[in-house]
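Per the numbering used here, the sequence shown runs over residues 242 to 294. Quick reminder that beta carbons are idealized off the backbone N, C-alpha and C, glycines included. Since the model is a prediction, treat every value here as computed from it, not as a measurement. What follows is a short report on a single structure.
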Amino acid sequence: MRHAWAWRELGRVKRWLKLPMSEVEAAYRQAIALLPNERMFQEEMERLPKSQD
242 MRHAWAWREL
252 GRVKRWLKLP
262 MSEVEAAYRQ
272 AIALLPNERM
282 FQEEMERLPK
292 SQD
């Protein structure tokens with residue numbers, strides 16, 4: 242479970258650093274894969290701007 246939350250935080254940091262959105266989405270996908278029942282991960286990923294890189 243902690244690994245999933247760590248991946249989510251990594252996604253947030255990558256977004257804050259303005260890294261490519263594909264990297265942010267990849268981190269969120271890892272979090273969701275590890276903890277698929279955590280709705281917050283899915284909701285946050287849905288609010289991300291669409292990847293354009």
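In terms of Cβ geometry, Leu276 and Ala247 do not form a close pair [threshold 7 Å].
Counting only the Cα atoms, Val265 lies some 10 Å from Glu250. Contact between Lys255 and Ala268 is confirmed by a C-beta separation of about 6 Å, below the 8 Å threshold. DSSP, reduced to helix, strand and coil, places Met242 outside both helices and strands of the structure shown, so it counts as coil.
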